[in-house]
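Residue numbers (the UniProt record's numbering): 1 to 448.
Where a beta carbon is used, it is the ideal one built from N, C-alpha and C, also for glycine.
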Amino acid sequence: MTTTPSLVWFRDDLRLADNPALRAAVDRGAPVIGVYLLDEASPGVRPLGGAARWWLHHSLAELGERWAEKGSMLVLRRGAAAEVIPALVEETGAGAVFWNRRYGGAEREIDTALKASLRETGIEVSSFAASLLFEPWTVRTGAGTPYGVFTPFWKACQQLPPPRAPLPEPREISGPPRSPASDNLDEWALLPTTPDWAGGLRERWTPGERAAKARLREFLTDDADDYDRARDEPSAGATSLLSPRLRWGELSPHEVWHAAVSSGQPLGGFLSELGWREFAWHTLFHFPDLATKNLRSAFDAFPWPRLRPAMLRAWQRGETGIALVDAGMRELWSTGYMHNRVRMVTASFLIKNLLIDWRRGEEWFWDTLVDADEASNPFNWQWVAGSGADAAPYFRIFNPELQAKKFDAGGHYVREWAPDASGRDPIVDLAETRREALDAYEVVKRSG
1 MTTTPSLVWF RDDLRLADNP ALRAAVDRGA PVIGVYLLDE ASPGVRPLGG AARWWLHHSL
61 AELGERWAEK GSMLVLRRGA AAEVIPALVE ETGAGAVFWN RRYGGAEREI DTALKASLRE
121 TGIEVSSFAA SLLFEPWTVR TGAGTPYGVF TPFWKACQQL PPPRAPLPEP REISGPPRSP
181 ASDNLDEWAL LPTTPDWAGG LRERWTPGER AAKARLREFL TDDADDYDRA RDEPSAGATS
241 LLSPRLRWGE LSPHEVWHAA VSSGQPLGGF LSELGWREFA WHTLFHFPDL ATKNLRSAFD
301 AFPWPRLRPA MLRAWQRGET GIALVDAGMR ELWSTGYMHN RVRMVTASFL IKNLLIDWRR
361 GEEWFWDTLV DADEASNPFN WQWVAGSGAD AAPYFRIFNP ELQAKKFDAG GHYVREWAPD
421 ASGRDPIVDL AETRREALDA YEVVKRSG
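Laid out in structure tokens, this is it:
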């Protein structure tokens, strides 16, 4: 029986249940050391936004508590993975390292190089599928190319073997005789202090695996029957609110999928949203520059006017004079979250009414959303812009006033988040800026 410790490297999988890397380490039969590495030093890794850092702090705090309850310790380290992980292996005498796979370009390069270098020194290294239902390379068109349209992509996924059943969490985790030194989570300064803008986040969210499981049960028990009917109404309370749980891996998609399928609820639309998340990661895997480059190269010809900072600030602060847009942007700033329908409306307004480059909006959402990940965030912005996969047609310009009449007919959402919006003049004329956007899109059409 092996006695050298096993190292489990946590990333976006902050959970004990359905964690294949952790399960493999426990099954190896030796002491297990968990490590979370805050890597802001490796080349190409995108630094976390402010809201994400807030969530990460609290999720790590809960994971550390749960790890201790199981009999071991979660070690916190900071630095470049290529340096920190091998150093921790040497420090602990670990004989094996386990992790769940990542799919961003920079992350894959880091993991591939690290796996090779550790194996050269005789360390056992294994990686596992845990964050997606269908890994990106398993879904290909008949021509062997990645999918560019969602409907055939999702149909192809459904022809593959169904998502595996979730793994139970370990009953106990055997810790090493001596625990390695760990950073103090508070000293990472992930939480805002001057000023402390996170009051609304604390009021809205409880990060961590236990709260994630409770929210999944609550959704399936209380809200799922209204999901397909009312999910586009921002005041209806019909959405799952599981996106940050999936982003941080407090729940796995396998747990969510199987719970939804076995619930007996009519959740075809909800399962399709899980599919849309898969499609975003499929796209990022094949196009790693998704956050900075137009997926459709013809869109490079879009004649963005010179950036007007005052317009961008008005949008960021929810001071555009367009009620639904302002309500959404204020909900975002207060809670780190925005209803999906309103996300589309606010994004369309920035791109197609203010004629501000979609990348500026993507950067703002990256900094302010608790659920922003490196696939879904740029993927959805490019979808709205018309520059991405399965993109909205160039002439689809959401009219925020009509959207409000259709999806917030009683005005409940606007009154909650922007009660003063109706008393202010819009910063742009919707009809005039729509014409300007269509003229700009004609340039793209001609270049394509």
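Classify R210 as helix, strand or coil using the three-state DSSP reduction.
-> Counting from 1 along the sequence shown, the entry for residue 210 is found at position 210. Helix, per DSSP.
Kindly list the residues whose CB is nearer than 7 angstroms to the CB of L38, restricted to its own chain and excluding five residues on each side of it in sequence; keep chain order.
-> Residue mapping note: residue 38 aligns to position 38 of the sequence shown, counting from 1. Taking L38 as the centre and dropping the five residues before and after it, the same chain places the C-beta of R78, W188 closer than 7 angstroms to its C-beta, in chain order.
Sorted by chain position, which residues of the same chain lie with C-beta nearer than 6 angstroms to G328's C-beta, five sequence neighbours on each side aside?
-> Your numbering for residue 328 matches position 328 in the sequence shown. Cβ within range, chain order: M338, V342, T346.
Environment of G93 [buried if 16+ CB atoms lie within 10 Å] = As a first step, residue 93 is located in the sequence shown; it is residue number 93 there, counting from the start. With fewer than 16 Cβ atoms within 10 Å of its Cβ, G93 is classed as exposed.
Which stretch, first to last residue, makes up the alpha helix (DSSP H) that contains F153?
-> Locating residue 153 in the sequence shown gives position 153, where the first residue counts as 1. Segment 150-158, the alpha helix (DSSP H) holding F153.
When the Cα atoms are used, what is the spatial distance from I33 to P253?
-> By one-based count along the sequence shown, residue 33 stands at place 33. By one-based count along the sequence shown, residue 253 stands at place 253. Computed Cα separation, rounded: 25 angstroms.
Just mark S297 as buried or exposed, buried being the case when its beta carbon has 16 or more other beta carbons within 10 Å.
-> Here residue 297 refers to the residue found at position 297 of the sequence shown. The residue is exposed, with fewer than 16 neighbouring Cβ atoms inside 10 Å.
Using CA coordinates, which residue listed in D326, Y103, V443, P419 is at the minimum distance from V400?
-> The residue you call residue 400 lines up with position 400 of the sequence shown. In the sequence as displayed, the identity of residue 400 is Pro instead of Val. Of the candidates D326, Y103, V443, P419, the one whose C-alpha sits nearest the C-alpha of P400 is D326.
What first and last residue would you give for the alpha helix (DSSP H) that runs through N380?
-> Walking along the sequence shown from the start, residue 380 turns up at place 380. From DSSP, the alpha helix (DSSP H) with N380 extends over 376-385.
Between the Cα of A301 and the Cα atoms of K293, L307, R308, which residue gives the shortest distance?
-> In the sequence shown, residue 301 corresponds to position 301, counting from 1. Ranking the options by Cα distance to A301, first place goes to K293.
Within 7 angstroms, strictly: CB atoms of L14 and S72 = For this step, residue 14 is matched to residue 14 along the sequence shown. For this step, residue 72 is matched to residue 72 along the sequence shown. Judged by beta-carbon spacing, S72 lies beyond the 7 angstroms limit of L14, meaning their Cβ atoms are not closer than that value.
Would you decide whether G249 is buried or exposed? Buried here means 16 or more other CB atoms lie within 10 Å of its CB.
-> On the sequence shown, residue 249 is found 249 positions in, with the first residue counted as 1. G249 comes out buried.
Under the three-state reduction of DSSP, which class applies to G423: helix, strand or coil?
-> In the sequence shown, the residue the question calls residue 423 occupies position 423. Reduced to three states, the DSSP call for G423 is helix.
Are Y103 and W281 closer than 7 angstroms when you measure CB to CB?
-> Your numbering for residue 103 matches position 103 in the sequence shown. Your numbering for residue 281 matches position 281 in the sequence shown. Taking a C-beta distance under 7 angstroms as the contact criterion, Y103 and W281 qualify as a contact pair.
Nearest-angstrom Cα separation, counted from L167 out to I173 | The residue given as residue 173 occupies position 173 in the sequence shown. The residue given as residue 167 occupies position 167 in the sequence shown. Rounded to the nearest angstrom, the two C-alpha atoms are 15 angstroms apart.
Which residues share a DSSP beta bridge with F10?
-> As a working mapping, residue 10 is identified with position 10 in the sequence shown. According to DSSP, F10 bridges with Y36.
Within 7 angstroms, strictly: CB atoms of E362 and W381 = Stepping through the sequence shown from its first residue, residue 362 is reached at position 362. Stepping through the sequence shown from its first residue, residue 381 is reached at position 381. It is a contact, given that the beta carbons lie within the stated cut-off.
Straight-line CA distance for A230 to G318?
-> Walking along the sequence shown from the start, residue 230 turns up at place 230. Walking along the sequence shown from the start, residue 318 turns up at place 318. Straight-line Cα distance between these residues: approximately 25 angstroms.
When DSSP labels each residue in this structure, what does V139 get in the three-state scheme?
-> Locating residue 139 in the sequence shown gives position 139, where the first residue counts as 1. It is coil, neither helix nor strand.
Compute the Euclidean distance between the alpha carbons of T151 and C157, then round it to the nearest angstrom.
-> Translated into positions along the sequence shown, residue 151 becomes position 151. Translated into positions along the sequence shown, residue 157 becomes position 157. Spanning the two alpha carbons is a distance of roughly 10 angstroms.
Per DSSP, what kind of secondary structure is V428 in: helix, strand or coil?
-> Here residue 428 corresponds to residue number 428 of the sequence shown, with the count starting at 1. Correct three-state label for V428: coil.
Of the choices L242, D228, S243, whose alpha-carbon is the least far from that of A236?
-> Residue 236 sits at position 236 when you count from the first residue of the sequence shown. The residue with the shortest Cα to Cα distance from A236 is D228.
Taking all protein chains shown into account, decide if E40 is buried (16 or more other Cβ within 10 angstroms of its Cβ) or exposed.
-> Residue 40 sits at position 40 when you count from the first residue of the sequence shown. When all chains shown are included, E40 counts as exposed.
Alpha carbon to alpha carbon, what distance is there between L216 and A238?
-> Within the sequence shown, numbered from 1, the residue matching residue 238 stands at position 238. Within the sequence shown, numbered from 1, the residue matching residue 216 stands at position 216. Approximately 13 angstroms between the Cα atoms of the pair.
Does the separation of the CB atoms of L160 and R53 fall below 7 angstroms?
-> Position 160 of the sequence shown, counted from the start, is the residue given in the question as residue 160. Position 53 of the sequence shown, counted from the start, is the residue given in the question as residue 53. No, they are not a contact pair.
So, using beta-carbon positions, are T3 and A30 closer together than 7 angstroms?
-> Locating residue 3 in the sequence shown gives position 3, counting from the first residue. Locating residue 30 in the sequence shown gives position 30, counting from the first residue. Yes. Within cutoff.
Report the partner residues of F98 according to the DSSP bridge assignment.
-> If you number the sequence shown from 1, residue 98 lands on position 98. The bridge partners DSSP lists for F98 are V8, S126.
Spatially closest choice to F285 from E374, W315, H258, L220, by CA coordinates = Your numbering for residue 285 matches position 285 in the sequence shown. Nearest option by C-alpha distance: E374.
Which ranges does the alpha helix (DSSP H) cover as unbroken runs of at least 4 residues, wholly within the segment 314-361, from first to last along the chain?
-> 323-335, 340-348
Whole-angstrom distance between I85 and K445, CA atom to CA atom | To locate residue 445, count along the sequence shown from 1; it is residue 445. To locate residue 85, count along the sequence shown from 1; it is residue 85. Computed Cα separation, rounded: 49 angstroms.
Just curious, the beta strand (DSSP E) that L307 is in, first and last residue?
-> What you label residue 307 is simply residue 307 of the sequence shown in a count that begins at 1. From DSSP, L307 is part of no beta strand (DSSP E); its letter is neither H nor E.
State the CB to CB distance for the pair R424 and G321, rounded to an integer number of angstroms; the pair is presumed to be in contact (CB under 8 angstroms).
-> One-based indexing of the sequence shown puts residue 424 at position 424. One-based indexing of the sequence shown puts residue 321 at position 321. Contact holds; Cβ gap of about 4 angstroms.
Contact belief for A130 with N100 at Cβ below 8 angstroms, rounded distance in angstroms | Taking the sequence shown and counting its residues from 1, one reaches residue 130 at position 130. Taking the sequence shown and counting its residues from 1, one reaches residue 100 at position 100. Going by Cβ atoms, the distance from A130 to N100 rounds to 4 angstroms, so yes, they are a contact pair.
Note down, one range per segment and in chain order, each alpha helix (DSSP H) of at least 4 residues found wholly within the segment 231-285.
-> 243-247, 253-262
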